[in-house]
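As structure tokens, the structure follows; a few thoughts come after it.
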Amino acid sequence: MDLRFKTWLQSRGNTLPQEKRLTREAIISLIIHSTFQFGASMSGVFLNLYLWRLTHSVAVNGTYSIIVYILTPIGFALGGWMIKKKDRMVSYRLGIMLIGLFYLSVIIAQEALVKYYVAFAIFNGLAAAFYWVGYLTLMYDVSTEQNRIRYLAYNMIFFTMASLAGPALAGFIIRLKEGLSGYTIVFGIAFCMFLLAALISMKIKASSGHHRVYYLKWTGLIMKKNRDWLKALLGFFGMGLLQGTMLFLPNILLFQVMPREDIVGYLGVLYSSLSIAMGMFISKYAQGSKSRLYLAISTIGYLVGVSLLLGSITIWTVVGFMILYSVFSPLQGNTMTGYYYGLIAKLPLKGELKVESVVVRELFLNVGRVISIYCFITFGSDLEGGMIPWILMIASLTQFALVWSIKNR
154 MDLRFKTWLQ SRGNTLPQEK RLTREAIISL IIHSTFQFGA SMSGVFLNLY LWRLTHSVAV
214 NGTYSIIVYI LTPIGFALGG WMIKKKDRMV SYRLGIMLIG LFYLSVIIAQ EALVKYYVAF
274 AIFNGLAAAF YWVGYLTLMY DVSTEQNRIR YLAYNMIFFT MASLAGPALA GFIIRLKEGL
334 SGYTIVFGIA FCMFLLAALI SMKIKASSGH HRVYYLKWTG LIMKKNRDWL KALLGFFGMG
394 LLQGTMLFLP NILLFQVMPR EDIVGYLGVL YSSLSIAMGM FISKYAQGSK SRLYLAISTI
454 GYLVGVSLLL GSITIWTVVG FMILYSVFSP LQGNTMTGYY YGLIAKLPLK GELKVESVVV
514 RELFLNVGRV ISIYCFITFG SDLEGGMIPW ILMIASLTQF ALVWSIKNR
């Protein structure tokens, strides 16, 4: 399968100029991330539902997510130090292995997860941080200004394809088994996928000549001198204000109106299919000169989706909202990421601040996520109440700030 995947990508690139083609390491990175995401999408989506089934508490789910997002920037900072002192692949592989161990621990703990959910959240936040700081750095290294939009679009397509298959298979398995045993099987399969991703990562060699000085403590000074970078970071903070709630609420909300895990999984296929279609559109037609327009369009799409929930929360309004979110979220995310990577190359030391840039970006993003979840727990934890659509509406309106945070390239 890996060989067919690489052959297909290479054949797609043969009609392009040499500078726009993906390198061998870029293709391998897509394979690793797709394998990882297949396991992560199986387990991550249903970890929230597993907690919900055990507690029926929005507060527990929200608190779990808050702890994860508070620990993630700390993990990013530690992973960044590891990358500077050793290599990006050290943090990357450590993250994959730790996430695998995390889900193995979930299998062993089973219902005791609720008793120790704070410890599990800390473990999850640090493990995911090591993976993502390694991968985000790797994404920068294996792409160039000439092929980055294309690479990011392919990354999103295959990321979403893995996200499409994972929840569907997980939902089928959970529905097939009685009680909570299906969740154990799903987490076990995810563990195997993470192990496979770690093995494939051995095909990417350590980078040579990387800078060993960690400039994280100087990033505040750079923000003062580079207003474009600071504005982009504030844009990621704005993204977090919506993302925080959206990373755990939709599946709980859907399960509330349709209490079947397999339906949640199958609808995940629909959402992912729409994101793939948007990814293909971006890869073919996206232009850096229209970045601000793309962000405005995505925000309007969010607002239209949230407006469906204002009347009543039913399976149809929830599905309609998620369909629109699945279409416009990739447009927003790809635009912001592509723009930010372009800024990294213009910072002092000519790209040597890439690790620090990824770490600081995650800090701003996660502060937004934590604020979002805290507000939701405080004002919208009653799923039967009418505050949820208004909280989502306010969070969606904040996304207009992203248009201000960047400038067309």
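Numbering (this note's numbering), first residue to last: 154 to 562. Every residue, glycine too, gets a C-beta built ideally from N, C-alpha and C. Just so you know, these numbers come straight off a predicted model, no measurement behind them.
Proximal residues to residue i (C-beta, below 8 Å), its chain only, five neighbours per side dropped
| i | result |
| --- | --- |
| Thr-208 | Asn-214 and Val-267 |
| Glu-298 | Gly-495 and Ala-498 |
| Val-471 | Pro-403, Leu-406, Leu-407, Val-410 and Leu-462 |
For residue i, the first and last residue of its enclosing alpha helix (DSSP H)
| i | result |
| --- | --- |
| Thr-564 | Past the edges of the chain, shown from 154 to 562, lies residue 564, and the structure says nothing about it. |
| Gly-495 | 468 to 497 |
| Met-545 | This sequence places Leu at residue 545; Met is not what is there. Here the alpha helix (DSSP H) through Leu-545 covers 541 to 550. |
| Phe-255 | 241 to 262 |
| Ser-554 | The sequence given here has Ala at residue 554, not Ser. 554 to 558 is the extent of the alpha helix (DSSP H) around Ala-554. |
| Lys-378 | 372 to 378 |
Same chain only: Cβ atoms within 7 Å of residue i, ignoring 5 sequence neighbours per side
| i | result |
| --- | --- |
| Val-520 | Phe-390 and Gly-393 |
| Leu-348 | Gly-253 |
| Ala-385 | Tyr-492, Tyr-493, Leu-496, Ser-558 and Ile-559 |
| Val-513 | Thr-372 and Leu-386 |
| Tyr-447 | Leu-484 and Thr-488 |
| Tyr-245 | Tyr-284, Gly-287, Tyr-288, Leu-291 and Ser-354 |
| Asn-201 | Asn-214, Phe-401, Asn-404 and Ile-405 |
| Tyr-368 | Leu-506 and Glu-509 |
| Ala-315 | Ser-187, Gln-190, Phe-191 and Ser-194 |
Buried versus exposed, by CB contacts within 10 Å (16 or more), residue i
| i | result |
| --- | --- |
| Val-523 | buried |
| Trp-469 | exposed |
| Trp-205 | buried |
| Pro-412 | exposed |
| Met-431 | buried |
| Val-339 | buried |
| Val-366 | exposed |
| Gln-440 | exposed |
| Leu-555 | buried |
| Glu-264 | exposed |
| Ile-261 | exposed |
| Leu-352 | exposed |
| Ser-444 | buried |
| Leu-374 | exposed |
| Ala-179 | buried |
| Ser-334 | exposed |
| Leu-329 | exposed |
Where residue i sits in the DSSP three-state scheme
| i | result |
| --- | --- |
| Glu-298 | coil |
| Phe-408 | helix |
| Met-346 | helix |
| Glu-147 | The requested residue 147 does not occur in the structure, where the chain is confined to residues 154 to 562. |
| Leu-175 | coil |
| Lys-507 | helix |
| Gln-190 | helix |
| Gln-396 | helix |
| Ile-353 | helix |
| Ile-450 | helix |
| Leu-305 | helix |
| Ser-421 | The amino acid at residue 421 is misidentified as Ser; the sequence shows Gly. The answer is helix: DSSP assigns Gly-421 an H, G or I state. |
| Lys-330 | coil |
| Arg-522 | helix |
| Phe-401 | coil |
| Lys-464 | Note on residue identity: the sequence assigns Gly, not Lys, to residue 464. Coil at Gly-464, not helix or strand. |
| Ala-359 | coil |
| Lys-384 | helix |
| Pro-320 | helix |
| Tyr-336 | helix |
| Lys-268 | coil |
| Val-366 | coil |
| Leu-427 | helix |
| Arg-206 | helix |
| Arg-413 | coil |
| Leu-291 | helix |
| Leu-500 | coil |
Other residues of its chain near residue i: CB distance less than 6 Å, five sequence neighbours each side excluded
| i | result |
| --- | --- |
| Tyr-270 | Tyr-217 |
| Ser-428 | Thr-313, Ser-479 and Pro-483 |
| Val-243 | Met-235 |
| Val-221 | Ala-274, Asn-277 and Gly-278 |
| Tyr-185 | Note on residue identity: the sequence assigns Ile, not Tyr, to residue 185. Ala-350, Ile-353 and Ser-354, listed in sequence order. |
| Arg-241 | Gly-287, Thr-290 and Leu-291 |
Supposed close pair residue i, residue j - CB separation, criterion 8 Å
| i | j | result |
| --- | --- | --- |
| Leu-257 | Phe-344 | 5 Å |
| Pro-320 | Ser-194 | 6 Å |
| Ser-182 | Leu-291 | 6 Å |
| Thr-225 | Ala-282 | 5 Å |
| Ser-465 | Leu-317 | About 29 Å separates the two Cβ atoms, so there is no contact after all. |
| Leu-456 | Ser-549 | 5 Å |
| Tyr-293 | Leu-175 | Actually they are not in contact, since the Cβ atoms of Tyr-293 and Leu-175 sit about 14 Å apart, beyond 8 Å. |
| Gly-397 | Ile-526 | 5 Å |
Min CB distance residue i to chain C below 8 Å
| i | result |
| --- | --- |
| Lys-499 | Reference to chain C is not applicable here, since this structure consists of a single protein chain. |
Check: residue i C-beta below 7 Å from any heavy atom of the ligand NAP
| i | result |
| --- | --- |
| Leu-175 | Absence of the ligand NAP is noted for the structure shown, with no ligands found whatsoever. |
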